[in-house]
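J.: Quick one: the structure is below, and I'll ask about it shortly.
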Amino acid sequence: MLPLALAFRGLARAVVGVWRDPETKALPFVAAALVLTGTIFYWRFEDWTIIEALYFSVVTLTTVGYGDLAPTTAGTQIFTIFYILTGIGVFVALLASIAQQYIAQKGERTSARERLSGRRGHGQAG
17 MLPLALAFRG LARAVVGVWR DPETKALPFV AAALVLTGTI FYWRFEDWTI
67 IEALYFSVVT LTTVGYGDLA PTTAGTQIFT IFYILTGIGV FVALLASIAQ
117 QYIAQKGERT SARERLSGRR GHGQAG
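The sequence shown begins at 17 in the working numbering and counts up one residue at a time.
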């Protein structure tokens, strides 16, 4: 259970790192705006519930695509084409930024441990 908690802590730190990085700061907002836009669009034009529309938006943008819901009109199908092409790029960029932050933070912790163990080793030898 502890390793899982530590992994989530590391993931949370990586997400915060993305929020603080000036180059990636906008990505979470753009991703959230895309999900919100899709949710409102499908809720309005497909006559789905808010939960169904949110579910479809997230499943579509994460490329899971269960197939239990699908756009039924030509207009919503065309919207979905552009929604997918735009959204997948944004989500890939966001996930790549989070992964990059996570790896960088892991590297910082590893080098800090190496410095500490090096100091301990020198202290014992002298």
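The C-beta atom is built at its ideal place from N, Cα and C for all residues, glycine as well. Please read these numbers as outputs of a predicted model, since none were measured by experiment.
1. Suppose the cutoff is 7 Å on Cβ atoms and the five residues either side in sequence are ignored; what does the same chain contact list for L110 look like?
2. Give the secondary structure of A86 by DSSP, where H, G and I count as helix, E and B as strand, and everything else as coil.
3. F95 to A23, Cα distance in whole Å?
4. Buried or exposed: where does P38 fall if 16 or more other Cβ atoms within 10 Å of its Cβ makes it buried?
5. I'd like to know whether the C-beta atoms of Q117 and V51 end up nearer to each other than 8 Å.
6. Going straight from the alpha carbon of G123 to that of R25, what length do you get?
7. Taking its Cβ as the centre, do 16 or more other Cβ atoms sit within 10 Å of L18, making it buried, or is it exposed?
8. Let me confirm a value: A112 is counted as buried when at least 16 other C-beta atoms fall within 10 Å, else exposed. Which label applies?
9. Using 10 angstroms around the beta-carbon of Y82, count the other beta-carbons present and answer buried if the total reaches 16, otherwise exposed.
10. Between the alpha carbons of L20 and T92, how many angstroms are there, rounded?
11. Taking the straight line between their C-alpha atoms, what separation do you get for T88 and K41?
12. Kindly indicate which three-state DSSP category V31 falls into: helix, strand or coil?
T.: The short version:
1. In the sequence shown, the residue the question calls residue 110 occupies position 94. Take L110, set aside five residues on each side of it, and the residues of its chain with a beta-carbon closer than 7 Å to its own are L43, P44 and A47, in chain order.
2. Here the question's residue 86 lines up with position 70 in the sequence shown. DSSP places A86 in coil when its eight states are reduced to three.
3. Counting from 1 along the sequence shown, the entry for residue 95 is found at position 79. Counting from 1 along the sequence shown, the entry for residue 23 is found at position 7. One C-alpha to the other measures close to 37 Å.
4. If you number the sequence shown from 1, residue 38 lands on position 22. By the neighbour-count criterion, in which a residue is buried when 16 or more other Cβ atoms sit within 10 angstroms of its Cβ, P38 is exposed.
5. On the sequence shown, residue 117 is found 101 positions in, with the first residue counted as 1. On the sequence shown, residue 51 is found 35 positions in, with the first residue counted as 1. Result no, Cβ atoms of Q117 and V51 do not sit closer than 8 Å.
6. For the purposes of this step, residue 123 is taken as the residue at position 107 of the sequence shown. For the purposes of this step, residue 25 is taken as the residue at position 9 of the sequence shown. Between G123 and R25, the C-alpha separation is close to 15 Å.
7. Taking the first residue of the sequence shown as position 1, residue 18 is located at position 2. Residue environment for L18: exposed (fewer than 16 other C-beta atoms within 10 angstroms of its C-beta).
8. Taking the sequence shown and counting its residues from 1, one reaches residue 112 at position 96. The residue is exposed, with fewer than 16 neighbouring Cβ atoms inside 10 Å.
9. Within the sequence shown, residue 82 is the residue found at index 66, counting from 1. Exposed, by the Cβ-count rule.
10. Start at 1 with the first residue of the sequence shown, and residue 20 comes out as number 4. Start at 1 with the first residue of the sequence shown, and residue 92 comes out as number 76. If you take the alpha carbons of L20 and T92, they lie about 40 Å apart.
11. Mapped onto the sequence shown, residue 88 falls at position 72. Mapped onto the sequence shown, residue 41 falls at position 25. Going by C-alpha positions, T88 is about 35 Å away from K41.
12. Locating residue 31 in the sequence shown gives position 15, counting from the first residue. In this structure, V31 counts as helix in the three-state DSSP scheme.
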